[in-house]
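Peer 1: So the sequence lines, in the order shown, correspond to chains A and B. If you use my numbering, the first sequence closes out at 463, no skipped numbers anywhere. If you use my numbering, the second sequence closes out at 463, no skipped numbers anywhere. Glycine residues also receive a C-beta, built at the ideal position from the N, C-alpha and C atoms. Before anything else, here's the structure in question.
There are 2 protein chains.
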Amino acid sequence: MTALMCATAITANAQVKEDFVPSPNNQPGKEYPMVNSERCVRVKVKAPEAQSVKLDIGGVKYELKKDAEGFWTGESAPQDEGFHYYQLNVDGADVPDPSSLYYYGASRWGSGIDVPAGDQDFYALKNVPHGQVREMYYWSDVNNAMRHCFVYTPAEYDQNTDKRYPVLYLQHGGGENEYGWPQQGRTAMIMDNLIAEGKAVPFIIVMDNGSWTMPRPAAPAARPAAAQGQHLQGGQRPRGGMGLPGGWADGIANTFLKDIIPMIDANFRTLADPAHRAMAGLSMGGMQTKAIAFPHPEVFGSIGIFSGGTITVDESKSVAGFRESNKLVFVSFGSRELENRVAGFGDGTDPKVETEQLKASGMNAHFYVSPGTAHEWQSWRRSLYQMAQLLFK
Amino acid sequence: MTALMCATAITANAQVKEDFVPSPNNQPGKEYPMVNSERCVRVKVKAPEAQSVKLDIGGVKYELKKDAEGFWTGESAPQDEGFHYYQLNVDGADVPDPSSLYYYGASRWGSGIDVPAGDQDFYALKNVPHGQVREMYYWSDVNNAMRHCFVYTPAEYDQNTDKRYPVLYLQHGGGENEYGWPQQGRTAMIMDNLIAEGKAVPFIIVMDNGSWTMPRPAAPAARPAAAQGQHLQGGQRPRGGMGLPGGWADGIANTFLKDIIPMIDANFRTLADPAHRAMAGLSMGGMQTKAIAFPHPEVFGSIGIFSGGTITVDESKSVAGFRESNKLVFVSFGSRELENRVAGFGDGTDPKVETEQLKASGMNAHFYVSPGTAHEWQSWRRSLYQMAQLLFK
Numbered sequence: 071m072t073a074l075m076c077a078t079a080i081t082a083n084a085q086v087k088e089d090f091v092p093s094p095n096n097q098p099g100k101e102y103p104m105v106n107s108e109r110c111v112r113v114k115v116k117a118p119e120a121q122s123v124k125l126d127i128g129g130v131k132y133e134l135k136k137d138a139e140g141f142w143t144g145e146s147a148p149q150d151e152g153f154h155y156y157q158l159n160v161d162g163a164d165v166p167d168p169s170s171l172y173y174y175g176a177s178r179w180g181s182g183i184d185v186p187a188g189d190q191d192f193y194a195l196k197n198v199p200h201g202q203v204r205e206m207y208y209w210s211d212v213n214n215a216m217r218h219c220f221v222y223t224p225a226e227y228d229q230n231t232d233k234r235y236p237v238l239y240l241q242h243g244g245g246e247n248e249y250g251w252p253q254q255g256r257t258a259m260i261m262d263n264l265i266a267e268g269k270a271v272p273f274i275i276v277m278d279n280g281s282w283t284m285p286r287p288a289a290p291a292a293r294p295a296a297a298q299g300q301h302l303q304g305g306q307r308p309r310g311g312m313g314l315p316g317g318w319a320d321g322i323a324n325t326f327l328k329d330i331i332p333m334i335d336a337n338f339r340t341l342a343d344p345a346h347r348a349m350a351g352l353s354m355g356g357m358q359t360k361a362i363a364f365p366h367p368e369v370f371g372s373i374g375i376f377s378g379g380t381i382t383v384d385e386s387k388s389v390a391g392f393r394e395s396n397k398l399v400f401v402s403f404g405s406r407e408l409e410n411r412v413a414g415f416g417d418g419t420d421p422k423v424e425t426e427q428l429k430a431s432g433m434n435a436h437f438y439v440s441p442g443t444a445h446e447w448q449s450w451r452r453s454l455y456q457m458a459q460l461l462f463k
Numbered sequence: 071m072t073a074l075m076c077a078t079a080i081t082a083n084a085q086v087k088e089d090f091v092p093s094p095n096n097q098p099g100k101e102y103p104m105v106n107s108e109r110c111v112r113v114k115v116k117a118p119e120a121q122s123v124k125l126d127i128g129g130v131k132y133e134l135k136k137d138a139e140g141f142w143t144g145e146s147a148p149q150d151e152g153f154h155y156y157q158l159n160v161d162g163a164d165v166p167d168p169s170s171l172y173y174y175g176a177s178r179w180g181s182g183i184d185v186p187a188g189d190q191d192f193y194a195l196k197n198v199p200h201g202q203v204r205e206m207y208y209w210s211d212v213n214n215a216m217r218h219c220f221v222y223t224p225a226e227y228d229q230n231t232d233k234r235y236p237v238l239y240l241q242h243g244g245g246e247n248e249y250g251w252p253q254q255g256r257t258a259m260i261m262d263n264l265i266a267e268g269k270a271v272p273f274i275i276v277m278d279n280g281s282w283t284m285p286r287p288a289a290p291a292a293r294p295a296a297a298q299g300q301h302l303q304g305g306q307r308p309r310g311g312m313g314l315p316g317g318w319a320d321g322i323a324n325t326f327l328k329d330i331i332p333m334i335d336a337n338f339r340t341l342a343d344p345a346h347r348a349m350a351g352l353s354m355g356g357m358q359t360k361a362i363a364f365p366h367p368e369v370f371g372s373i374g375i376f377s378g379g380t381i382t383v384d385e386s387k388s389v390a391g392f393r394e395s396n397k398l399v400f401v402s403f404g405s406r407e408l409e410n411r412v413a414g415f416g417d418g419t420d421p422k423v424e425t426e427q428l429k430a431s432g433m434n435a436h437f438y439v440s441p442g443t444a445h446e447w448q449s450w451r452r453s454l455y456q457m458a459q460l461l462f463k
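Quick look at the structure:
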């Protein structure tokens with residue numbers, strides 16, 4: 071019904087609710103894109119000679135309407151609360167909206183928009199003590215290349231210089247990179263607010279790149295040296311590392327176990343034991359958590375899988391020492407993807423039932439459902455918010 | 071001549087030198103844009119229904135040519151060495167190249183490309199000890215808002231926890247923001263390499279936002295709380311602060327003197343005296359340095375003005391205590407802009423002569439010219455590289 075209201079608004083502006091406000095993700099000084107109280111997204115772009123301009127969001131393309139000055143404007147149907155990737159299509163060219171900020175997802179840097187959410191206060195920027203997000207480059211023997219990561223340190227980290235902290239390794243999803251959690255994930259805001267309210271203990275969060283693909287055709291040696299830095303700045307996954315036994319899984323697992331974790335323990339005041347080391351991730355990052363952290367209870371004591379599967383009772387018994395030493399298993403999904411999953415898409419299993427069975431078997435297992443969201447960032451912001459309150463306690 | 075070779079290449083591919091390689095600024099996995107050994111930029115974009123697609127770089131628009139699959143391709147004339155902003159134009163719509171990484175400049179987030187330079191080794195990512203670039207949010211009483219900055223700490227900072235460090239406040243230019251020096255400026259790479267070679271002493275660099283404009287019409291209170299964080303993430307200058315006596319100049323000066331410097335001295339192990347505090351900036355940032363640091367020798371002991379003017383002997387005598395306490399005045403320009411300036415554009419004065427006169431009058435003044443570059447980032451990367459070797463010694 072509201073979808074119809076927005077759709078028809080493109081040709082007849084009578085029905086759309088005219089309470090649009092600029093998006094929080096607009097470029098400085100830009101008035102568009104906008105969002106109204108029905109969560110419809112309105113864009114505006116100048117393309118005087120274009121024959122057709124579309125807004126492409128949520129898997130639907132909406133025709134925009136041209137005015138006398140050559141500006142194209144139009145609205146989407148209502149979107150779910152939270153962050154969504156989108157793009158414009160100008161005469162067949164898929165391009166970013168020149169008015170929005172850009173994020174890496176869907177395997178490209180492009181437009182993103184945040185639709186106001188009823189619970190957005192938990193990831194809002196507030197005047198509370200703020201931690202730092204530190205950009206780091208480091209050498210990887212496994213990759214035989216420089217790598218790039220972001221590390222969140224809580225506000226008190228530089229004040230209590232004798233105190234050591236637990237560490238969460240937090241992974242992005244497929245088609246995303248290490249910029250996902252710091253940017254669209256709003257990790258620092260979520261943690262600063264939780265710690266300020268006393269709901270979470272202060273801990274370090276490492277956000278690295280979980281992609282593992284073959285390098286591009288051009289050999290690094292044949293490229294300007296500057297390129298190596300700028301590729302990484304842009305979120306390029308490191309080159310090299312190909313030909314490792316087992317490929318992707320072993321490649322990224324070895325990178326974590328042999329390079330990333332020792333580098334973090336050497337450069338930060340960490341509590342370097344499994345009880346104080348956790349791994350979590352969304353989608354592909356959740357599968358990586360299950361592939362890397364779950365089989366190594368001697369390294370990781372807590373596990374979070376967001377929209378990426380579960381750990382069954384049988385699986386929990388298949389890893390020596392896991393059931394004895396694990397402190398927390400956190401599993402979450404967006405309500406919309408969970409409905410699809412239980413309805414029989416994917417493997418048709420019910421992760422809620424499986425997680426409850428794991429809890430009933432004596433593990434500290436938690437299951438969370440993000441209301442009214444799909445396989446998108448609002449589900450994962452909420453999952454971090456929930457898991458962070460359970461970690462290292 | 072080479073310009074012609076590139077230009078004609080659009081219609082007749084015979085003359086262009088076919089040794090194009092992917093740009094270091096491409097999005098992960100993207101083959102285009104490319105640059106050849108003549109420093110021509112080649113772009114490729116799919117726009118099957120478009121009537122006209124242009125490459126807009128260096129103030130010139132180059133017509134692209136469409137192939138049977140709907141891909142448009144073409145080259146620019148040779149560009150200067152270093153970093154350039156650019157965009158595409160699709161049927162009259164100015165849009166970012168969907169294949170490039172994005173940078174904030176020319177008052178927009180959009181495409182940028184790095185043309186290989188003979189001296190690019192000094193800003194290349196190498197396997198040397200790396201510092202960190204720390205993203206920080208902090209409260210500003212002057213702005214009555216949260217602000218956002220980046221702070222570079224040298225590699226040894228977290229190892230020598232008893233050592234205190236000098237600080238350089240480094241400002242971007244007009245239409246840019248606090249992302250300029252960390253991203254297109256390659257500040258961390260330049261400093262890591264200089265320190266590793268023993269050519270610069272380790273120091274902290276603060277990169278904040280020097281913009282000072284009125285807030286947007288929509289009142290912050292009327293916006294989602296999340297917006298405040300995401301605006302700042304996107305490089306939005308903070309709201310509020312308007313109505314300060316003197317407007318822009320006093321507004322940004324008060325922000326530095328009352329908010330930024332005390333915040334940095336409170337959160338980092340700084341040597342908090344004028345002998346160990348410097349300010350430098352490019353273009354507008356150079357003018358800000360002259361407006362903020364030059365009149366306050368009791369706060370700043372060293373000054374750098376990149377493509378932003380000079381300090382004359384008479385001016386040096388107009389500020390009480392400046393000549394007695396100043397440690398360094400560094401002035402630089404790109405050779406192309408200097409030629410224009412001396413030729414009579416702008417005020418027609420010769421900053422080289424003025425800086426030599428300042429040096430002859432007994433000040434530690436240095437003048438640097440970046441060869442073959444204009445009012446662009448390669449001039450400013452080189453200026454930082456030169457000034458950093460003179461600072462705090």
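Quick one: list the residues of chain A neighbouring B/T231, beta-carbon separation under 7 Å, in chain order.
Peer 2: Start at 1 with the first residue of the second sequence, and residue 231 of chain B comes out as number 161. Per Cβ cutoff of 7 Å: T231.
Peer 1: B/M457 to B/Q253, Cα distance in whole Å?
Peer 2: Indexing the second sequence from 1 puts residue 457 of chain B at position 387. Indexing the second sequence from 1 puts residue 253 of chain B at position 183. Straight-line Cα distance between these residues: approximately 19 Å.
Peer 1: Could you work out which residue in B/I265, B/E409, B/N95, B/M433 is closest to B/Q385 when comparing CA atoms only?
Peer 2: In the second sequence, residue 385 of chain B corresponds to position 315, counting from 1. It should be pointed out that residue 385 of chain B corresponds to Glu in this sequence rather than to Gln. Among B/I265, B/E409, B/N95, B/M433, the Cα nearest to that of B/E385 is on B/M433.
Peer 1: Using a Cβ-Cβ cutoff of less than 7 Å, which residues in the same chain neighbour A/M104 once the five nearest sequence positions on both sides are dropped?
Peer 2: Along the first sequence, one-based indexing puts residue 104 of chain A at 34. Around A/M104: F90, V91, P92, S93, R112.
Peer 1: Spell out a yes or no on whether the segment 137-147 of chain A and the segment 111-125 of chain B are touching, meaning 3 or more CB-CB pairs, one atom from each, closer than 8 Å.
Peer 2: As far as the Cβ criterion goes, the segment 137-147 of chain A does not touch the segment 111-125 of chain B, which means the pair count is below three.
Peer 1: Looking at chain A, is there any beta carbon in it that lies within less than 8 Å of the beta carbon of B/K124?
Peer 2: In the second sequence, the residue the question calls residue 124 of chain B occupies position 54. Chain A, which has no Cβ nearer than 8 Å to the Cβ of B/K124, makes this no.
Peer 1: Any beta-carbon of chain B closer than 8 Å to the one on A/Q303?
Peer 2: In the first sequence, residue 303 of chain A corresponds to position 233, counting from 1. A caution first: A/Q303 carries a pLDDT of 33, below 50, which makes its placement in the model unreliable, though a value can still be read off. Answer yes: the Cβ-Cβ gap between A/Q303 and chain B drops below 8 Å somewhere.
Peer 1: So, with DSSP's three-state summary, where would you put B/A350?
Peer 2: In the second sequence, counting from the first residue as 1, residue 350 of chain B sits at position 280. Strand, per DSSP.
Peer 1: Relative to the C-alpha of B/Q85, which residue among B/N96, B/N106, B/G99 is closest?
Peer 2: Numbered from its first residue, the second sequence carries residue 85 of chain B at position 15. Taking only the C-alpha atoms, the option nearest B/Q85 is B/N106.
Peer 1: Note down the Cα distance separating B/T78 from B/K87, rounded to an integer number of angstroms.
Peer 2: In the second sequence, the residue the question calls residue 78 of chain B occupies position 8. In the second sequence, the residue the question calls residue 87 of chain B occupies position 17. Reliability of the predicted coordinates at B/T78 is poor, the pLDDT of 42 falling under 50, and no value is obtained from them.
Peer 1: Could you check what DSSP says for B/N279 in three-state terms: helix, strand or coil?
Peer 2: For the purposes of this step, residue 279 of chain B is taken as residue 209 along the second sequence, with counting starting at 1. B/N279: coil per DSSP, three-state reduction.
Peer 1: Where does the unbroken beta strand (DSSP E) through B/F214 begin, and where does it stop?
Peer 2: Position 144 of the second sequence, counting from 1, holds the residue named residue 214 of chain B. What sits at residue 214 of chain B in the sequence shown is Asn, not Phe. Per DSSP, B/N214 belongs to no beta strand (DSSP E) and is neither H nor E.
Peer 1: I'd like to know whether the C-beta atoms of B/F370 and B/S402 end up nearer to each other than 8 Å.
Peer 2: For the purposes of this step, residue 370 of chain B is identified with residue 300 of the second sequence, where counting begins at 1. For the purposes of this step, residue 402 of chain B is identified with residue 332 of the second sequence, where counting begins at 1. Going by C-beta atoms, B/F370 is not nearer than 8 Å to B/S402.
Peer 1: Is it right to say B/D211 is buried, meaning 16 or more other beta carbons lie within 10 angstroms of its own, or is it exposed?
Peer 2: Translated into the one-based positions of the second sequence, residue 211 of chain B becomes position 141. Exposed is the call here.
Peer 1: Does chain B have any CB closer than 8 Å to the CB of A/H200?
Peer 2: Taking the first residue of the first sequence as 1, we reach residue 200 of chain A at position 130. So yes, A/H200 belongs to the interface.
Peer 1: Given 8 Å as the limit, is there contact between the segment 350-363 of chain B and the segment 237-244 of chain B, that is, 3 or more CB pairs closer than that?
Peer 2: In short, these stretches touch, since the Cβ pair count reaches three.
Peer 1: Does the Cβ of A/A348 have 16 or more other Cβ atoms within 10 Å, making it buried, or fewer, making it exposed?
Peer 2: Looking up residue 348 of chain A in the first sequence gives position 278. Buried.
Peer 1: Taking DSSP as the reference, what is the three-state secondary structure of A/P285?
Peer 2: Translated into the one-based positions of the first sequence, residue 285 of chain A becomes position 215. Since pLDDT at A/P285 reaches only 34, below the 50 mark, its modelled position is unreliable, and the value read off the structure follows with that caveat. Coil at A/P285, not helix or strand.
Peer 1: Count the other CB atoms within 10 Å of the CB of A/E424; is the residue buried (16 or more) or exposed (fewer)?
Peer 2: Stepping through the first sequence from its first residue, residue 424 of chain A is reached at position 354. Its Cβ being crowded by 16 or more others within 10 Å, A/E424 is buried.
Peer 1: Spell out a yes or no on whether the segment 322-340 of chain A and the segment 219-236 of chain A are touching, meaning 3 or more CB-CB pairs, one atom from each, closer than 8 Å.
Peer 2: At 8 Å Cβ cutoff, the stretches touch.
Peer 1: So, does the CB of B/L195 fall closer than 8 Å to a CB anywhere in chain A?
Peer 2: Counting from 1 along the second sequence, the entry for residue 195 of chain B is found at position 125. Chain A contact via Cβ: present.
Peer 1: Could you run through the segment 104-131 of chain A and flag, in chain order, every residue whose CB is less than 8 Å away from some CB of chain B?
Peer 2: Against chain B - using a Cβ distance shorter than 8 Å - the residues of the segment 104-131 of chain A are V115, K116, A117, P118, E119, A120, Q121, S122, V123.
Peer 1: Taking beta-carbon pairs under 9 Å, can you tell me which members of the segment 166-183 of chain A lie near chain B?
Peer 2: Within the segment 166-183 of chain A, the qualifying residues are P166, D167, P168, S169, S170, L171, Y172, Y174, S177, R178, W179, G180.
Peer 1: Smallest Cα separation from B/G99: which of A/S169, A/P148, A/A176, A/G162?
Peer 2: As a position in the second sequence, residue 99 of chain B is number 29, starting the count at 1. Looking at the Cα atoms, A/A176 is the closest of the given residues.
Peer 1: Report the neighbours of B/M457 on chain A: residues whose CB is nearer than 7 Å to its CB, in chain order.
Peer 2: Taking the first residue of the second sequence as position 1, residue 457 of chain B is located at position 387. Within chain A, no residue comes near B/M457; the closest Cβ sits about 20 Å away, beyond 7 Å.
Peer 1: Between A/W450 and chain B, is any beta-carbon pair separated by less than 8 Å?
Peer 2: The residue labelled residue 450 of chain A in the question sits at position 380 within the first sequence. Answer no: the Cβ-Cβ gap between A/W450 and chain B never drops below 8 Å.
Peer 1: Does the Cβ-Cβ distance between A/I265 and A/Y222 come in under 8 Å?
Peer 2: Taking the first sequence and counting its residues from 1, one reaches residue 265 of chain A at position 195. Taking the first sequence and counting its residues from 1, one reaches residue 222 of chain A at position 152. Cβ atoms of A/I265 and A/Y222: not closer than 8 Å.
Peer 1: Tell me which same chain residues have a C-beta within less than 8 Å of the C-beta of A/V165, skipping the five on either side of it?
Peer 2: Taking the first residue of the first sequence as 1, we reach residue 165 of chain A at position 95. So the qualifying residues of the chain are Q157, L158, N159.
Peer 1: Within the 8 Å Cβ cut-off, does B/A138 reach chain A?
Peer 2: Sequence index remark: in the second sequence, residue 138 of chain B carries index 68 (1-based). Not one chain A Cβ lies under 8 Å of B/A138.
Peer 1: Is it buried or exposed for A/P294, if we count other Cβ within 10 angstroms and need 16 for buried?
Peer 2: Position 224 of the first sequence, counting from 1, holds the residue named residue 294 of chain A. In this prediction, A/P294 scores a pLDDT of 36, lower than 50, which makes its location untrustworthy; no coordinate-derived value is stated.
Peer 1: List, in chain order, every chain A residue whose beta-carbon is nearer than 7 Å to that of B/E11.
Peer 2: The structure shown does not extend to residue 11 of chain B, since chain B is modelled only from 71 to 463, so the question has no answer here.
Peer 1: Tell me which same chain residues have a C-beta within less than 7 Å of the C-beta of A/V198, skipping the five on either side of it?
Peer 2: Residue mapping note: residue 198 of chain A aligns to position 128 of the first sequence, counting from 1. These residues qualify, in order along the chain: D262, N263, A266.
Peer 1: Count the other C-beta atoms from every protein chain shown that fall within 10 angstroms of the C-beta of B/P332, then say buried if there are 16 or more, exposed otherwise.
Peer 2: Looking up residue 332 of chain B in the second sequence gives position 262. The residue in question, B/P332, is exposed, as its Cβ has fewer than 16 Cβ neighbours within 10 Å.
Peer 1: For B/W209 and chain A, any beta-carbon pair shorter than 8 Å?
Peer 2: In the second sequence, residue 209 of chain B corresponds to position 139, counting from 1. True, the Cβ-Cβ gap to chain A drops below 8 Å.
Peer 1: Under 7 Å between beta-carbons, which chain B residues line up against A/D161? List them in chain order, please.
Peer 2: Within the first sequence, residue 161 of chain A is the residue found at index 91, counting from 1. Residues of chain B passing the Cβ test: A117, E119, A120, V160, D161.
Peer 1: Since A/E205 meets chain B, which of its residues come closer than 7 Å, beta carbon to beta carbon?
Peer 2: The sequence position of residue 205 of chain A within the first sequence is 135, counting from 1. Those within 7 Å of A/E205 in chain B are Q202, V203.
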